[in-house]
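Residue numbers (the numbering used here), protein chains in the order written: chain A, -10 to 163; chain B, 161 to 352.
Backbone N, C-alpha and C define an ideal beta-carbon position, used for all residues, glycine too.
Just so you know, these numbers come straight off a predicted model, no measurement behind them.
Below you'll find the structure, written out as structure tokens, and then a few comments.
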Amino acid sequence: MNLTEPIWKTWFAKHGGKLLLFARQQARYPDDAEDLVQEAFVRIWRLYGHTGEVSPGLVYRAIRRLAIDWARSLDRRKIREDKVSLDSPLSSSFDRSLEKDERKQALLRAVEKLPKEQGEVLTLKIWSDLTFDEIARTLDLSLNTVASRYRYALQKLKDSVPREIEGKPQTHTL
Amino acid sequence: MNELEEIEKELTGLTPRSPSKDFSSRVENALGEAGSVAMKHLPDPNPTHDRSQLSSSIRFWIPLGIAAILVFFLSISSFLEPEDSSIFSSTDFAVQPLSMVGDEDSPLHGVTSSELEDLSGVPVEGWLDPKTQERLIRKIDEGIVDRATGLPARQYRYHFIDETLWTHPATETRVLSTTPRQEVYLIDLELY
């Protein structure tokens, strides 16, 4: 029996969620994340998909550039209000199992509050499995800048998460 | 483990949600034909069938392999064993004429140009300048590679045949030599 499957499906199942997470950070509106990923992925796969192997870094870079282009066109139109992401927290991009875990929820809220330049480095390093070198190329930054932003991001998370948890009412006591 | 590493480990433990089926089918529609260009052959779902096929093919090839090795060693040993050991006697080398090693124009060491001409029947003098020609056989797109700078580039491989034609008008002799050659070109890519 000769079973075949389009390679893009395997590729997309492996990287799609990570791409969406990154696109969510890059997009001005969370709803644009899927559109960004679709547009970037289709462009790159049409160009290089016949090789059967596409470097994820190319798609991350394409997402970033598209997001910049789209943001510019939105600036020109000045139509929408900046809704931020209150109606769609970062935790909605992760497995539902963590919804009951207060610590993890707090961690993701803290990630969301990071400055954008630190958050994108953290996302690419932690969840996209890119090396510092690949991140530097994706974001057009130097290796040192990437490494220090990553360190600052972790430091901020360490400082902010315990405070956030302590500030919450302890519903499980008594 | 310091606190930063603990935070790092905690974050790594969170798994981004996979794309929804609706979104994947949206992407599939958008990809169109491009989505079916590269296909992966999935393994046969019946592993026992695979093993039986493998073992039967091994059973077939092992005796053939052993036979081939035996034939190879037998032929090597018969080739190395001289039928007449006098062929390799040192006296034969000693009586070689000096002229056979002194001709620098000869392409074969130990044979003079005139002797070569007599033996081969091919004239040494009187050849015209050779004509060379390059023929493109095929061009292969080898996909995307990373340059040392980290920038992507598309790699093309060109296969050529270099032809050299020697003509000897006096004897109406023509000698055609063909040599395969490859050239690799890297074309820098811009995403947009």
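Cβ-based neighbour list, residue i, same chain, cut-off 6 angstroms, excluding 5 preceding and 5 following
i	result
A/G41	I(-4)
B/L214	Low confidence applies here, because B/L214 scores a pLDDT of 47, under 50, leaving its location unreliable and the question unanswered by this model.
B/Q293	E323
A/A136	F121
A/R53	Q15
B/L191	none
A/H4	P45
A/L75	With a pLDDT of 46 at A/L75, under the threshold of 50, the modelled position of this residue cannot be trusted; read the value that follows with caution. Hits under 6 angstroms: none found.
Chain-ordered neighbours of residue i on chain B, where CB pairs are closer than 7 angstroms
i	result
A/W82	With the sequence shown as reference, residue 82 of chain A is identified as Ser, and Trp is not the correct amino acid for it. P176 and R177, listed in chain order.
A/R35	A194
Proximity winner among the options, relative to residue i (alpha-carbon distances)
i	options	result
B/T136	B/E350, B/D289, B/L279 and B/Y318	Nothing about residue 136 of chain B can be reported from this structure: the residues present for chain B run from 161 to 352 only.
A/L96	A/L146, A/V26, A/Q14 and A/L10	A/L146
B/D348	B/I321, B/D306, B/R298 and B/I300	B/D306
A/F83	B/N162, B/L171 and B/D182	B/L171
B/L296	B/Q342, B/A228, B/F183 and B/L174	B/Q342
A/L10	A/D58, A/Q144, A/S117 and A/L143	A/S117
A/S62	A/A16, A/P78 and A/A99	A/A16
B/T338	B/S185, B/F320, B/E350 and B/P329	B/F320
B/P312	B/L346, B/K291 and B/N189	B/L346
A/L143	A/L130, A/L103 and A/T134	A/L103
B/I167	A/F30, A/T134 and A/A99	A/A99
B/S178	A/T(-7), A/I57 and A/S81	A/S81
Contacts around residue i, its chain only, beta-carbon distance under 7 angstroms, and the 5 residues preceding and following it disregarded
i	result
A/L132	F121, D122 and A125
A/E28	L55
B/K299	Y316 and Y318
B/D263	T272 and S273
A/G38	W(-3)
B/S212	Reliability of the predicted coordinates at B/S212 is poor, the pLDDT of 47 falling under 50, and the value obtained from them is presented with this limitation in mind. Counting only Cβ-Cβ distances below 7 angstroms, and skipping sequence neighbours, we find nothing.
A/V43	W0, I33, W34 and Y37
B/S266	T272, S273 and L276
A/L130	none
Inter-residue Cα distance where the pair is residue i and residue j
i	j	result
B/L336	B/V344	26 angstroms
A/V110	A/A12	13 angstroms
A/G6	B/D301	31 angstroms
B/G281	B/L325	18 angstroms
B/K169	A/D148	16 angstroms
A/P45	B/W287	59 angstroms
A/L47	B/E165	29 angstroms
B/E332	B/E285	13 angstroms
B/A330	B/G303	51 angstroms
A/D90	B/E350	44 angstroms
A/L119	A/A51	15 angstroms
A/I128	A/L79	A quick correction: the sequence has Leu, not Ile, at residue 128 of chain A. In a straight line, the C-alpha of A/L128 is about 21 angstroms away from that of A/L79.
B/F183	B/G173	25 angstroms
B/K181	B/G310	34 angstroms
A/A2	B/A228	48 angstroms
A/K157	B/P176	Note that A/K157 has pLDDT 43, beneath the 50 cutoff, so the model's placement of it is unreliable and the number below is only indicative. Going by the C-alpha atoms only, they are around 25 angstroms apart.
A/Y139	A/I115	10 angstroms
B/N162	A/Y141	15 angstroms
A/E(-6)	A/V150	44 angstroms
B/R194	B/A308	With the sequence shown as reference, residue 194 of chain B is identified as Ala, and Arg is not the correct amino acid for it. Cα to Cα, B/A194 sits roughly 29 angstroms from B/A308.
B/S185	A/K93	31 angstroms
A/F30	B/N189	12 angstroms
A/E23	A/I57	15 angstroms
B/V187	A/Y49	16 angstroms
B/K291	B/R314	34 angstroms
B/H269	B/L279	14 angstroms
B/S196	B/P340	34 angstroms
8 angstroms CB neighbourhood of residue i in its chain, flanking five on each side removed
i	result
A/W59	A16, R17, D21 and L25
A/Q14	K105, G108, E109 and T112
A/T134	A125
B/P283	E277, H328, A330, T331 and T333
A/E101	S74, P78, L79 and G108
Per-residue contacts from residue i into chain A (C-beta, under 8 angstroms)
i	result
B/I167	L96, L143, L146, K147 and V150
B/P163	Sequence inspection shows Glu at residue 163 of chain B; the Pro mentioned does not correspond to that position. Within 8 angstroms Cβ-Cβ: K147.
Contacts that residue i makes with chain A (C-beta to C-beta distance below 9 angstroms)
i	result
B/T292	By Cβ distance, chain A contributes nothing, its closest Cβ being about 35 angstroms from B/T292, past 9 angstroms.
Residue i Cβ short of 7 angstroms to the ligand NAD heavy atom set
i	result
A/D90	The model on display carries no ligand, and the ligand NAD is accordingly not part of it.
Chain A residues whose Cβ lies nearer than 7 angstroms to that of residue i
i	result
B/E170	L96
- Near-chain B residues of the segment 91 to 103 of chain A - C-beta to any C-beta below 9 angstroms: Taking 9 angstroms as the upper bound on Cβ-Cβ separation, chain B lies near residues R92, K93, L96, L97 and V100 of the segment 91 to 103 of chain A.
- Task: Select from the segment 301 to 323 of chain B all residues with a C-beta closer than 7 angstroms to any C-beta belonging to chain A, and list them in chain order.
- Result: G303, I304, G310 and P312
- Item | Within 7 angstroms of chain B by C-beta, residues of the segment 105 to 134 of chain A in sequence order | I115, W116 and R126
- Message: Tell me which residues of the segment 2 to 20 of chain A have at least one Cβ-Cβ distance to chain B shorter than 7 angstroms, keeping chain order.
- Response: A2, G5, G6, K7, L9 and L10
- Item | Interface positions of the segment 41 to 55 of chain A facing chain B (Cβ-Cβ less than 8 angstroms), listed along the chain | G41, E42, V43, S44, L47, R50, A51 and R54
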